[in-house]
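If you're matching them up, the sequences are chains R and X in order.
Numbering of the first sequence is given in the working numbering, commencing with residue -9 and proceeding in unit increments.
Numbering of the second sequence is given in the working numbering, commencing with residue 2 and proceeding in unit increments.
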Amino acid sequence: MAHSPTTPGIAAGRLAKDAYRGNFADLYAPLGPHEAIVAADRCYFCHDAPCITACPTEIDIPLFIRQIQTGTADAAARTIFDQNILGGMCARVCPTETLCEGACVREAAEGKPVQIGQLQRFATDSLMAADTHPFVRATPTGRQIAVVGAGPAGLACAHRLALRGHDVVVFDARKKPGGLNEYGIATYKAAGNFAQREVAWLLSIGGITLRTGVRLGRELSLAELQDDFDAVFLGVGLAGVNGLQIEGDDYDNVHDAVDFIARLRQATDKSKLPVGRHVLVIGGGMTAVDAAVQSKLLGAEHVTMVYRRGRDRMGASDYEQTHATSTGVRIITGASPVRILARDGKVDAVEFAYTEEDRSGMRLGDETFCIPADQVFKAIGQRLDDAPAGLTLDGAKIGVSAGGRTSLPGVWAGGDCVSGGEDLTVTAVAQGRDAAEDIHAALMGLNALAAE
Amino acid sequence: MADLSSDFVGIKSPNPFWLASAPPTDKEYNVRRAFDAGWGGVVWKTLGQDPHVVNVNGPRYGAIWGADRRLLGLNNIELITDRPLEVNLREIKAVKRDYPDRAMVVSLMVPCEEQAWKEILPLVEATGADGIELNFGCPHGMSERGMGAAVGQVPEYIEMVARWCKQTTRMPVIVKLTPNITDIRYPARAAKAGGADAVSLINTINSITSVNLDTMSPEPSIDGKGSHGGFCGPAVKPIALNMVAEIARDAETAGMPISGIGGVTTWRDAAEFLALGCGNVQVCTAAMTYGFKVVQEMISGLSEWMDQKGYVSVAEVSGRAVPNVTDWQYLNLNYVAKARIDQAACIKCGRCYAACEDTSHQAIAMSPTRVFTVKDDECVGCNLCVNVCPVEDCITLEPLSAGTLDERTGEAVKPGYANWTSHPNNPASTTAAE
Ligand SMILES: Cc1cc2nc3c(=O)[nH]c(=O)nc-3n(C[C@H](O)[C@H](O)[C@H](O)COP(=O)(O)OP(=O)(O)OC[C@H]3O[C@@H](n4cnc5c(N)ncnc54)[C@H](O)[C@@H]3O)c2cc1C
Ligand SMILES: Cc1cc2nc3c(=O)[nH]c(=O)nc-3n(C[C@H](O)[C@H](O)[C@H](O)COP(=O)(O)O)c2cc1C
Ligand code: SF4
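Pasting the structure below:
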C-alpha cells in the first residue's frame, strides 16, 4: 500500500518515487563556465584579502578567482588544493556565510558577497574531472606514519605527509573512508557519491595505504602504533553522542540524529527509509538542521526542531536556519525537553519546559507543553569517546599545542577530537595539514635546523 | 524640453544621432527601420565603382570583452559595399523620398582619379541625398588598393580629392579621417584647404584583437590567416575624443564643423563629443551590438541632461569644453590636491593601498583593522587610488586652498596660476609676459 506524509506512525515511501531523487540531489546547481566567469568578475582582488583570513585553511581566494576569470580553472584548483586538499568538499559544505563570504567586502558593501564557495566548486570540479592528480610526491624519506581516522583531518594529514615523501597507513573503524563526509554531511551537499570520489582522487597521490574496519582500542593500540611507526596522527572525530538524560531516552523510536543521518547517507534507495509522520529534533546545531531537513525531504508531515536557547545562540547559522524553515521545518526556541511520553513502549510525545535565562544561567520554568512525536532525533552534541589512555585532555577533548602535538611524544592529533577551532570540515583539514607539516619538520629535523 | 534638432553644414536632422557608414546603413531595409527607430540620419555604407568588391566569406569581426561579455571593442575586415552601385542608388533615392526630414549622407570611395569622382557625384546627387562623406579612413583591404586610409594618410591627396568634389557637386562635402596617422591636424587642415565643409572622425584603428593560441592565427581567422582590421567601439572613444579636440582647438581648423565618431555608446558619450566641438555624432558599434533601439536612450538621455543644465539647443553644447583643452605646459602647477577617503563609504578592499604602496607614492596607511588613510605628507594627488577604488566617490581628490600647508613639500599652497613655462626647473623657462 502506498504511503503519504499523513500515514500515521513510522513509514517508508511517503513520497512518489522520483521525488526522492530531486530532494537529495545537489542543493544548488554548479556554475556553468559563463556563470563562473561572471561571478569571478565581481571579485575586487582585495589587498591582504579579508576572505583569506576568514578561511581556516587560508586559501588564496582572490588569486584563484582571478585564475578562473582568466580561463584557467585548473590553475585555480591548484591554488585551492595547495592549501586545502579537500577543497572540493569544502566548496560544498563550508558555512561560507560565516567564513569567507561573510568577510567579503562586497558583503559589507551590498549584502551580496562574491560566490566564493560556488567558484571554488567550479574550479575543483574542473580539475577533478580531468582525473589526474595534480601533486607529485617528494623523494621518499623512508619514514612511516600512522593516521587514525579517515575523516577530513586524517585525510588532509595523510595527503600532506605523502606529498612530503613519507609513507602513510590510514586506519579507520568504519567500512568506508571519509569520516563525516561519508556518514554525516547532508546528502544534498555531497550528492553524486562525492565523498568516495574525492577520497579516491586524494589517494591517487600514492604512498597512502588505507585500512578500514580497524578500530583503535579494539584491533589496535596506541602503544603498538607508537612502536611500529615514526609518528602517529589521531583524527578520530567525535564518536560519542550526548544523551538527553531524561525519562524515556531509551524508548523505541528515540534515536541519535547522527545514526539516522549515517543510515540515510548509506541508503541507496531513500524511498525504503522509514520516517515518522511527526518528527521531533532536539538540538540547534548543524546536525539538528540536517536531521530535520532530511526528515522533511523523506516525507515526514510535521518536523519540529526544538532548541533550548535563543535563535542567536543556535549552532546552525542564519543561513542554515532559513534553509530549514524554507523546507517546512518548524523551529521552536527557548524550550528544553523534560520527559518523553510513550504509548505501548513507543514514543508518543515529548514534554518541554520553557527555559529562562539570565546572567546566572539557564533554568527550566514551570510551564510545560507537549509536542506529538512518533520519532525523536537527539542532536545535542557529539563528544570524544574512549580517548587512548595517556593523552592529556583539554576539557572533553584532546589537548594539543601548536602543530597539533599531544602530550604524548610522537603523537599528533587534529580535527573534531581536539580542543580549539570550530567543529567544521575545513577546520579539520587545516589542523590535519598543519600537523603533517609539524610531523614532517620533526622527523626531518627541520625544527632543530631552524633553531640553529 | 531641449531642442535636439540639428543643422550640420546645412543638413538638417531631428536629432544629432546619425548612423555611421557601416553595415547598419548598408541597405534600404535597414535604413528604413533605423529611421523608424528614431535615428536622425545615416551615412550610407560606402559606395564604390562597379564591379562591386567582394568580401571575405569567413568571419569579418573580432572583439574584446569586459565583464559578462560586454563588448568593449570590435574589429572588422569588411570592405565597402558589396552590392552593385545602381541598387544602392535606387534604394537611397527611395528612402530619402519617404523620410525627407532625415539626413541622408552618402559615403563614397573611388580611385584617386578625378574622372572617377566626377562620374559618381552626379549619380549620387540625382538620388536627392543631402551630402557626401569621403571615406579616406578604411584601414584594411581598400587601402591596399590605394583607397581609403591610403588616401587619408597623405594630406595632399585629401586636399586634391576634396577640391574635385567641391568643384563638381552642390552637396556639402564631409571628409572622413583615418586615425592611423601621427598628427590628425594635418589631414584636417588639408580637408579644409580643399574646401571641404566638414570633417568626420574617427574611422577605425588598425588592430589585431587577439591571437588564437591553439592555431596561432590572428582573429578573425580566415583559413588560418588573419589580417589587421579596423578597431571601433567603446574602447576607441578616448582616442577619438582627443583627435576631435586637436582639430577643434587648432588655429587653422578651429570652427570647422566636426561630426564625431568613435565609441559613442550612450547619450553621455555623445554629449562629450559635442562638448569637444562636434556638431553631431555618428554611431556604428553601439547599433551593431544592441540594435537600432539604442538611439532612444541616447535621445532621452541627452535631452534630460540638457534640460538639467539649461541648454536649449545642441549648438549651445557644441564646443563648450574646447577652451579647457590645453597643452601640458599651461597646466597650473600651483594647483595642489590630496586624496580624501570617505570612511563611511569605504568597504575596506584595500585596492587603493596596494596601488599606492606598490606603484605610486606610498601615501596610504593601512591599520590592523583595515582602516585606510591618506598620508598628506606623501600624497602627490595622482588620482590612481580614485581610479582603482571600486566604490564611486569613496575616494576623491580635494584641492587645497591657497595658503594651506602642503605637508608633502612643506610649503604653503601659492595663490594664482603658474605653469611650467615659467617654472625655475624648466631650463627653457620664459618669464611671464608682464
Ligand atoms: C550531521 C553533521 C553534519 C555536518 N555538516 C557540516 C557541514 O555542513 N559543514 C561543515 O563544515 N561541517 C559539518 N559537520 C562537521 C564536520 O563533519 C566535522 O567537523 C568533520 O567531519 C571533522 O573531521 P574529523 O576528521 O575530525 O572527524 P570525522 O569526520 O568524524 O572523522 C573521524 C574518523 O575517525 C574514525 N574513527 C573514530 N574513532 C576511531 C577509532 N577508535 N579507530 C579508528 N577510526 C576511528 C571514524 O570512523 C571517522 O571516519 C557536520 C557534522 C555532522 C555530525
Ligand atoms: C563592419 C564595419 C564596417 C565599416 N564599414 C565602413 C565603411 O564602409 N565606410 C566607412 O566610412 N566606415 C566604415 N566603418 C567605420 C564606421 O563607420 C565608424 O567610423 C567606426 O566604426 C567607429 O565608430 P563606432 O565606434 O561607433 O563603431 C565600418 C565599421 C564597421 C564595424
Ligand atoms: S592620489 Fe596617488 S599618491 Fe595620493 S594617495 Fe592616491 S594613489 Fe597615493
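C-beta: ideal position from N, C-alpha, C; glycine also.
Every value quoted in this text rests on a predicted model; they were computed, and no experiment measured them.
| Beta-bridge partners of H245 of chain R, as assigned by DSSP | R:F367
| request: Taking W421 of chain X as part of the beta strand (DSSP E), name the residues at either end of that continuous run. | output: From DSSP, W421 of chain X is part of no beta strand (DSSP E); its letter is neither H nor E.
| said: Once DSSP output is grouped into helix, strand and coil, what is the label at I51 of chain R? | reply: helix
| said: For L117 of chain R and A30 of chain R, which I take to be in contact (beta-carbon distance under 8 Å), what is that distance rounded to the nearest angstrom? | reply: At roughly 16 Å, the Cβ-Cβ gap does not stay under 8 Å, so L117 of chain R and A30 of chain R are not in contact.
| said: Could you pull the DSSP bridge partners for Y297 of chain R from this structure? | reply: R:T323
| request: Pull up the CB-CB distance for V104 of chain R and C94 of chain R, whole angstroms please, since I reckon it's below 8 Å. | output: 5 Å
| query | Which residue comes first and which comes last in the alpha helix (DSSP H) that contains A431 of chain R? | reply | T415 to L433
| query | Under 7 Å from any heavy atom of ligand 1, does the C-beta of N232 of chain R make it? | reply | no
| Buried or exposed by the 16-neighbour rule on C-beta atoms within 10 Å, applied to W118 of chain X | buried
| request: Between the Cα of C390 of chain X and those of X:A340, X:D83, X:V381 and X:T431, spot the shortest distance and give me the residue it belongs to. | output: X:A340
| query | In its own chain, which residues sit with a C-beta less than 7 Å from the C-beta of L332 of chain X, not counting the 5 before and 5 after it? | reply | N420
| Looking at C-alpha atoms only, which residue of R:A180, R:G233 and R:D280 is the closest neighbour of R111 of chain R? | R:A180
| field | Same chain, Cβ closer than 8 Å to L436 of chain R, five either side skipped, listed in chain order | value | H430
| message | Taking 7 Å as the cut-off, is the beta-carbon of P239 of chain X closer than that to any non-hydrogen atom of ligand 1? | response | no
| task | Can you give me the Cβ contacts of I300 of chain X inside the same chain, cut-off strictly under 8 Å, excluding the 5 residues immediately before and after it? | result | L5, N16, F18, G39 and W268
| task | Spell out a yes or no on whether the segment 26 to 41 of chain X and the segment 191 to 201 of chain X are touching, meaning 3 or more CB-CB pairs, one atom from each, closer than 8 Å. | result | no
| So Q134 of chain R is in the beta strand (DSSP E); what residue range does that whole segment cover? | Q134 to V138
| field | Pair within 8 Å by beta-carbon distance, V231 of chain R and K368 of chain R | value | yes
| Under three-state DSSP, which class holds C233 of chain X? | strand
| query | Between T131 of chain R and the rest of its own chain, which residues show a CB-CB distance below 6 Å, the 5 nearest in sequence each way excluded? | reply | G155 and H156
| task | Kindly identify the DSSP beta-bridge partner or partners of M352 of chain R. | result | R:E347
| If you run the structure through DSSP and keep just helix, strand and coil, what is F184 of chain R? | helix
| field | Rounded straight-line distance, which links the Cα of G12 of chain R to that of A68 of chain X | value | 33 Å
| query | Taking a cut of 7 Å between CB atoms, which residues from the segment 37 to 69 of chain X lie near chain R? | reply | A68 and D69
| Does ligand 2 have a heavy atom nearer than 7 Å to the CB of L53 of chain R? | no
| request: Please name the residue, chosen from R:A136, R:A148, R:A278 and R:R267, that lies closest to D217 of chain R on a Cα-to-Cα basis. | output: R:A136
| message | With H, G and I counted as helix, E and B as strand and the rest as coil, what does DSSP make of S211 of chain X? | response | strand
| field | Within-8 Å CB hit, A65 of chain R to chain X | value | no
| message | DSSP has C360 of chain R in a bridge; who is on the other side? | response | R:E341
| How about S22 of chain X: is its C-beta nearer than 8 Å to some C-beta of chain R? | no
| task | Going by DSSP, name the residue or residues bridged to S201 of chain X. | result | X:K177 and X:S260
| said: Output needed for A339 of chain R: all residues of its chain with C-beta closer than 7 Å, excluding positions within five of it in sequence on either side, in chain order. | reply: L331, C360, I361, P362 and A363
| What are the boundary residues of the beta strand (DSSP E) that W329 of chain X is part of? | Note, W329 of chain X: premise wrong, no beta strand (DSSP E); not H, not E.
| said: Can you pull the chain R neighbours of V392 of chain X, defined as C-beta to C-beta under 8 Å? | reply: A99
| message | For ligand 1, is there any heavy atom lying closer than 7 Å to the beta carbon of I251 of chain R? | response | yes
| request: Kindly indicate which residue of R:Q73, R:Q59, R:L212 and R:I0 has the alpha-carbon position closest to the one of G400 of chain R. | output: R:L212
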